[in-house]
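Input: a single structure, listed below in structure tokens.
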Amino acid sequence: MKIVVIGGSGRIGSNVVRRLVAQGHDPVPASPATGVDTITGEGLADVMMGADVVVDVANAPVWDDEAVREFFTTSTRNLLAAERNAGVGHHVAVSIVGADRLPDSGYLRAKVAQEAEIEAGSVPYTILRSTQFFDFLAQTVESGAEGDSVRLSRGLMQLVAADDVAATVTGLAIGAPVGGGVELGGPEALGIDDWARRLFAATGDNRTVVSDPHARYFGTELRGGELTPGDGARIGAIDFDTWFATQPQGVAG
Ligand SMILES: NC(=O)c1ccc[n+]([C@@H]2O[C@H](COP(=O)([O-])OP(=O)(O)OC[C@H]3O[C@@H](n4cnc5c(N)ncnc54)[C@H](OP(=O)(O)O)[C@@H]3O)[C@@H](O)[C@H]2O)c1
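Residue numbers (this note's numbering): 1 to 253.
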């Protein structure tokens, strides 16, 4: 199958492209780096020609509230229009578990808006709602940095490896459209504060972790399980220790 991977140079996209090649498919990585821009429309009609499936794993270059919402809605509208013109039979996108439960976060509102565009469009689709990637743990922890300590929420996160996300996206892309969402989480749910302690133990970081129920995550307070998937979610196989062992020194911390 010809499968266009929008964001094919990114973390998830490049991994999906490798997996599709290994399985004998014909993936086409598409992003500004290859002359395809979902915002300006450049290169979209050409890359869609003869495509069976489009996987959208692009991410916004700017994350302030208005810009990120504009990115995901415009990008998705332009993509779906090009897919309709080319007769593409399946649109696969990656969203975030619980995005609809946290309307105070601009980034999560933008992902909900992306999902709404897909649901309202006429291209058969599958939305993978993933939990947060291990790769963003260090950035999340640093968002609470205050001198020699980090102040973080006790809200649960069920971190997942990008490799498990890419494997799941690949499987969904070569399957039939689900016409709805599929959830994916990692093997363990911990408070963000406890994830920080786990990370600090692994990296030898001596800072103190302060647990604060009012500390914000992406602009929003967490009460408990908003970011964890429900019953029936797929569960990735890669746990923290296995993921950490694959990280180049310095990257994970
Ligand atoms: N981070 C998390 O914890 C998490 C959790 C659940 C879901 N997700 C979702 O997972 C998806 C993939 O994330 P990622 O971390 O793999 O992204 P990433 O590594 O930041 O890659 C972003 C990709 O988007 C492409 N891109 C940017 N602007 C574009 C445009 N105008 N047209 C076409 N492509 C464009 C980039 O292309 P160039 O390299 O050419 O600039 C790059 O290939 C995102 O939708 C994100 O919301 C993330």
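No residue lacks a Cβ here, since even glycine has one placed at the ideal position from N, Cα and C.
Item                                                                                                       : Value
Residue span of the alpha helix (DSSP H) that contains Glu119, given as start and end                      : 106-120
Check: Pro32 C-beta below 7 angstroms from any heavy atom of ligand 1                                      : yes
heavy atom of ligand 1 below 7 angstroms from Phe240 C-beta                                                : no
Host alpha helix (DSSP H) of Ile141 (start-end)                                                            : The displayed chain sequence assigns Val, not Ile, to residue 141. That run of the alpha helix (DSSP H) goes 137-142.
Rounded straight-line distance, which links the Cα of Ile3 to that of Leu172                               : 12 angstroms
CB of Val57 within 8 angstroms of CB of Val5, strictly                                                     : yes
N- and C-terminal bounds of the beta strand (DSSP E) containing Ile6                                       : 2-6
Three-state secondary structure (DSSP) of Gly253                                                           : Summary for Gly253: the model assigns pLDDT 49, below 50, so the residue's position carries little reliability, and this model does not support an answer.
Option in Asp52, Val160, Ser143, Glu221 with minimal Cα separation from Phe134                             : Val160
Beta-carbon gap between Ala202 and Gly144 smaller than 8 angstroms                                         : no
7 angstroms CB neighbourhood of Val17 in its chain, flanking five on each side removed                     : Val5, Gly8, Pro27, Pro29
Sequence-distant residues of its chain with Cβ nearer than 6 angstroms to Val178 (five each side left out) : Thr126
Straight-line Cα distance separating Arg11 from Gln114                                                     : 19 angstroms
Straight-line gap, Leu128 to Ala245 (C-alpha atoms, nearest Å)                                             : 26 angstroms
Same chain only: Cβ atoms within 6 angstroms of Ala110, ignoring 5 sequence neighbours per side            : Val68, Arg69, Phe72
Expected contact under 8 angstroms - CB spacing of Thr228 and Ala167 to nearest Å                          : That pair is no contact at about 20 angstroms.
Alpha-carbon spacing of Ala176 relative to Val210, whole angstroms                                         : 46 angstroms
Euclidean distance between Cα positions of Ile39 and Gly106                                                : 19 angstroms
Near ligand 1: Ser153 beta-carbon under 7 angstroms from a heavy atom                                      : no
Secondary structure of Arg22, DSSP reduced to three states                                                 : The sequence given here has Ala at residue 22, not Arg. Residue state, collapsed to three classes: helix.
Residue of Asp52, Glu117, Val21, Ala99 minimising C-alpha distance to Thr220                               : Ala99
Beta-carbon gap between Leu108 and Ile118 smaller than 8 angstroms                                         : no
Cα-Cα separation, Gly13 to Thr208                                                                          : 36 angstroms
Contacting residues, own chain, Cβ-Cβ under 7 angstroms from Trp288 (five flanking each side not counted)  : Since the first and last residues shown for the chain are 1 and 253, residue 288 lies out of range.
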